[in-house]
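The sequence shown runs contiguously to residue 360 in my numbering.
Even glycine gets a Cβ: it sits at the ideal position worked out from N, Cα and C.
On a predicted model such as this, the values are computed, not experimentally measured, just so you know.
Worksheet: one structure, shown below.
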Amino acid sequence: MPGLAVGSTKRSPRSRESPGHTSDKHTHQGGDMRPHHRLLPALALASLACASHAADYPAHSVQIIVPQSPGSVADIMARVMSKSLGKQLGQTVVVINRPGASGIIGAQAVATAQPDGYTLLIGSVSTHGLLSVTEKRLSYDPLKDFEPISQINDSPLALVVNPASGITTLQQLVDKARAEPKRLVYASAGNGSGSRFAIELLRLAGKIDMLHVPYRAPMEAVMAVVAGEATLASPSVPSVPALIKSGQLRALAVTGTQRASMLPDVPTTAEAGYPSVVFTSWTGLFAPAGTPRAIVVKLNKAVEAALQDPQVIESITSSGATPVRNSPEDFSRFVADEMAKWRKAGTEAGIQPTGA
């Protein structure tokens, strides 16, 4: 242990006592334990300091970093939760969008932030699952660089086409892709986005080969389909009803286990004949690794209370999502399982990671 002269043959003046003295006996048999005793008060003080810090937390506003653009599922969830979280914590909760690189930029910003509970992340299936499949060297470790606080929601995606394509069912899309291999284009919000992986699942199940074109944001991928630049996209359910109503998009299926309340006439992928194509875009709240346990617990309780707020529940469900809350331990296990699941899926799909 640093600071302890273990094995030294020189005695301090205080040690020159009779050979039978208790302290000399302890020194000879097992080493002088007094330095360890001096550590205990220091550790106790450190523990009290952490507890005091947590009791005072938060002393000022808290910021939630959203690593996607406005209108994304993560952005919607952050804004739905921020007001109620602020009420629970007694401080303003500010939502800041830091999009870019499929979520890497925002996630890295939180991973390297001070672990004091004032900078949090709305992480997702992308930041804590899919990017570990598509990136050779991710600039943060999804498991080691964060303290999971709680999941917030599960959201299905919608498989959409341009009505001008003449495709009216999911099976028609698959048949067309089989007849024209490597001719149809699907648009996504980035290499490590859920919108890509939902279609990768369809590609595997349908044994089809389509060209992938990644865009910088979810709505850019959607508008590529509207403009006829791509055949297929898989955005979040809340982003498409208005475009469907205006005749600019047609939804072929939703990727959840049940129909979406916002699109009640659209079948699930299972109903459309592809039960293995199930994908939900979850989000959750994370703090930087090293954030005091008491602060993590306090934030978890705030999320739990917010997710029982009728207005929050209504906002989440009306967006086509399902509220989900859990303990930090359960959420941590969930994230680890997601990482393993999507790495396996990426291998089966033959996805090659990119980057230096």
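For the alpha helix (DSSP H) assignment, the uninterrupted runs of no fewer than 4 residues enclosed by the segment 98-171 are, from N- to C-terminal side, 108-115, 135-138. A distance below 8 Å separates the beta carbons of Leu-256 and Thr-173. Between Thr-259 and Asp-145, the alpha-carbon positions lie close to 28 Å from each other. In the structure shown, the three-state DSSP call for Thr-358 is strand. The count of Cβ pairs closer than 8 Å, one atom from the segment 109-122 and one from the segment 269-277, stays below three, leaving the stretches out of contact.
Residue ranges of uninterrupted beta strand (DSSP E) with 3 or more members, entirely inside the segment 176-238 and ordered along the chain, are 189-192, 215-218. Sorting Ser-240, Thr-123, Gly-107 by C-alpha distance to the C-alpha of Val-164 places Ser-240 at the top.
Per DSSP, the continuous beta strand (DSSP E) segment holding Val-258 begins and ends at 254-258. The residue from Met-214, Phe-338, Phe-283 with its alpha-carbon nearest to that of Ala-162 is Phe-283. Remark: C-beta atoms of Thr-358 and Ile-156 do not approach each other more closely than 8 Å.
When DSSP reads this structure, Phe-290 sits in a beta bridge with Leu-125, Pro-152. The C-beta of Leu-188 has 16 or more other C-beta atoms within 10 Å across all chains shown, which makes the residue buried. Looking at the backbone, the Cα of Gly-196 and that of Tyr-278 are separated by about 23 Å. Judged by DSSP secondary structure, Gln-67 falls within the beta strand (DSSP E) whose first and last residues are 66-70. Counting of Cβ neighbours within 10 angstroms places Gly-94 among the exposed residues, the total staying below 16. Ser-240 has Leu-161 as its beta-bridge partners, per DSSP. If you draw a 10 Å sphere on the C-beta of Asp-60, you find fewer than 16 other C-beta atoms in it, and that means exposed. The closest CA to that of Leu-89, considering only Val-66, Ser-76, Pro-74, is found on Val-66. At a Cβ-Cβ threshold of 8 Å, Phe-150 and Phe-290 count as neighbours. Shown here, Thr-261 sits in coil according to DSSP, grouped into three states, outside any helix or strand. Note that the C-beta distance between Ile-126 and Ile-68 is below 8 Å. The C-beta separation of Ala-191 from Tyr-219 comes to about 6 Å, placing the pair in contact by the 8 Å criterion.
Relative to Val-339, the option among Val-129, Val-178, Pro-245, Val-98 whose CA is nearest is Val-129.
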